[in-house]
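Per numbering that gives the first Met the number 0, the very first residue in the sequence shown carries number 0; after that it's consecutive.
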Amino acid sequence: MIVLGIETSCDETGLAIYDGEKGLLAHELYSQVRLHADFGGVVPELASRDHIRKILPLLDRVLDNSNLKKENLDGIAYTAGPGLAGSLMVGGAIATSLAFALNIPVIGIHHMEAHLLSPMLEEKAPSFPFLALLVSGGHTQIVSVRGIGDYELLGESLDDAAGEAFDKVAKLLGLGYPGGPIIGELADKGNYKKYHFPRPMTDKPGLDMSFSGLKTHTRNLINEQDIKIPEVKHDICAGFQEAVIDTLITKCKRAIEQTGLNSLVIAGGVSANHRLRKKMNDTLKQIGINVFYSRLEFCTDNGAMIAYAGHARLSNGERSTVAIETRPRWPLDTLREIK
Ligand code: KG4
Ligand code: ZN
0 MIVLGIETSC DETGLAIYDG EKGLLAHELY SQVRLHADFG GVVPELASRD HIRKILPLLD
60 RVLDNSNLKK ENLDGIAYTA GPGLAGSLMV GGAIATSLAF ALNIPVIGIH HMEAHLLSPM
120 LEEKAPSFPF LALLVSGGHT QIVSVRGIGD YELLGESLDD AAGEAFDKVA KLLGLGYPGG
180 PIIGELADKG NYKKYHFPRP MTDKPGLDMS FSGLKTHTRN LINEQDIKIP EVKHDICAGF
240 QEAVIDTLIT KCKRAIEQTG LNSLVIAGGV SANHRLRKKM NDTLKQIGIN VFYSRLEFCT
300 DNGAMIAYAG HARLSNGERS TVAIETRPRW PLDTLREIK
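What follows is the structure, given as structure tokens:
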């Protein structure tokens, strides 16, 4: 089955084609980062309008690069949520009308499920069951994954997501948007031990997390220090980043002990952070845990993960209707299980 995947939940227009026999055939991505940079964050109305401009040219490109015509598609998958309502509508409208015109099935996909399954596109792919740490701009969740659609949410951030904390701290430091990659880069030049940063909720039992206190702590430190001095800025980036990573590692180790699972998938934009990857690998390998990621370009939003998840569900007979499905809020543990 050949499936077109369309991702438009936030500020990335991603399209891809996944073939059940040959794997990923092509993927195209347009990032709106420059459009939103001056505003220090995503402006929803601008995002949806830009998806409209980019989606059809990207569709032509992804078909060309796969040497396919629209008529060769067997199904279409689109991100139905969670995400920005207007942006979701664009992908949903194109996917649904194209599927209707071609008389092929369409399916609405959960964005976080697609992130969670994205390492399946890699040569080193996990097998079920596994534990997943989802770390994106909107979510920080620890999930027990027994199979596709069989998810148990074990813990999550009670306030800011990890990526959101990176973005907010970057804003406080006068760095650009999105902040995660910039903080990651500056942190490489800094000393993470220079200033003290708390590791929130690591002394409390359970798997929930909280990053807003860490952000406030960082804001207070920024107000006390002269961040015009590059070294100060680098040390703050390094210290903040280390605190987020240590907190995530503590919670993951606890989830591993609690569940007895020995595979961990780390997915979502923050999983592109190379310090996080290194420290997770070093710490978890010592206790015999296999860690899985997607390639860097598929950590952040992309169409390939939607095409993959869509293929899994469509080839299992699942279908959405022609009513465009958008669910800006959509709990992951309410999805249908694939038997
Ligand atoms: O998964 P994603 O592209 O979008 C959502 O589903 O939210 O994640 C975007 C988030 C942003 O907050 C961004 O700052 C963060 O991922 N991010 C990073 C890195 N690359 C992206 N955070 C830390 N280090 C990175 N290298
Ligand atoms: Zn995402």
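Even glycine gets a Cβ: it sits at the ideal position worked out from N, Cα and C.
Only a predicted model underlies this, so the values are computations on that prediction, with no experimental measurement involved.
So residue i is in the alpha helix (DSSP H); what residue range does that whole segment cover?
| i | result |
| --- | --- |
| F239 | 229-258 |
| G183 | 178-186 |
| H109 | Not the alpha helix (DSSP H): H109 falls in the beta strand (DSSP E), residues 105-109. |
| N71 | Here N71 belongs to no alpha helix (DSSP H), and DSSP marks it neither H nor E. |
| I93 | 84-101 |
| D163 | Sequence inspection shows Glu at residue 163; the Asp mentioned does not correspond to that position. Note, E163: alpha helix (DSSP H), 161-171. |
| K193 | Premise fails: K193 is in no alpha helix (DSSP H) and is neither H nor E. |
| N280 | 273-285 |
Exposed or buried, residue i, counting other C-beta atoms within 10 Å across all chains shown (16 or more means buried)?
| i | result |
| --- | --- |
| T333 | exposed |
| E6 | buried |
| A46 | buried |
| Q240 | buried |
| N301 | buried |
| R328 | exposed |
| V321 | exposed |
| K68 | exposed |
| L87 | buried |
| I103 | buried |
| G173 | exposed |
| T139 | buried |
| T217 | buried |
| F196 | buried |
| P125 | buried |
| H50 | buried |
| D37 | exposed |
| I286 | exposed |
| R318 | exposed |
Helix, strand or coil, according to DSSP, for residue i in the structure here?
| i | result |
| --- | --- |
| L130 | strand |
| R145 | strand |
| P61 | In the sequence as presented, Pro is not what sits at residue 61; that position holds Val. Note: V61 maps to helix in three-state DSSP. |
| L3 | strand |
| Y307 | helix |
| I337 | coil |
| A322 | coil |
| E112 | helix |
| N301 | coil |
| R328 | coil |
| M200 | coil |
| K123 | coil |
| D49 | helix |
| L174 | coil |
| S135 | coil |
| I226 | coil |
Where does the unbroken beta strand (DSSP E) through residue i begin, and where does it stop?
| i | result |
| --- | --- |
| Y77 | 74-80 |
| N345 | Coverage of the chain is limited to positions 0 through 338, which leaves residue 345 absent and any answer about it impossible. |
Kindly indicate which residue of the options has the alpha-carbon position closest to the one of residue i.
| i | options | result |
| --- | --- | --- |
| A84 | R48, V269, I106 | R48 |
| A15 | R33, R60, V144, L247 | R60 |
| I108 | A242, K250, G4, Y292 | G4 |
| E11 | I1, G22, L34, L23 | L34 |
| D73 | D166, K252, E20, N190 | E20 |
| I235 | S211, S319, Y194, T246 | Y194 |
| A303 | V41, F38, L58, V32 | L58 |
| Q257 | T325, V243, G162, L153 | L153 |
| T325 | G82, Y29, L213 | G82 |
| T201 | G183, Y29, A254 | A254 |
| K203 | I51, E112, T246, K214 | T246 |
| L213 | P125, I1, C251, D158 | D158 |
| I75 | L132, V89, D63, L97 | L97 |
| N289 | I323, N219, A271, K252 | K252 |
| E155 | L132, G146, E163 | L132 |
| Y77 | G316, I305, H310 | I305 |
| D63 | H26, L260, K227, G259 | H26 |
| E230 | G267, F210, G189, L220 | G189 |
Step through the CB atoms of chain C and report whether any lies within less than 9 Å of the CB of residue i.
| i | result |
| --- | --- |
| L101 | In the displayed structure, chain C is absent; only one protein chain is listed. |
To which residues does DSSP link residue i through a beta bridge?
| i | result |
| --- | --- |
| T12 | Y29 |
| F291 | V264 |
| L152 | V142 |
| L23 | Y17 |
| M208 | S156 |
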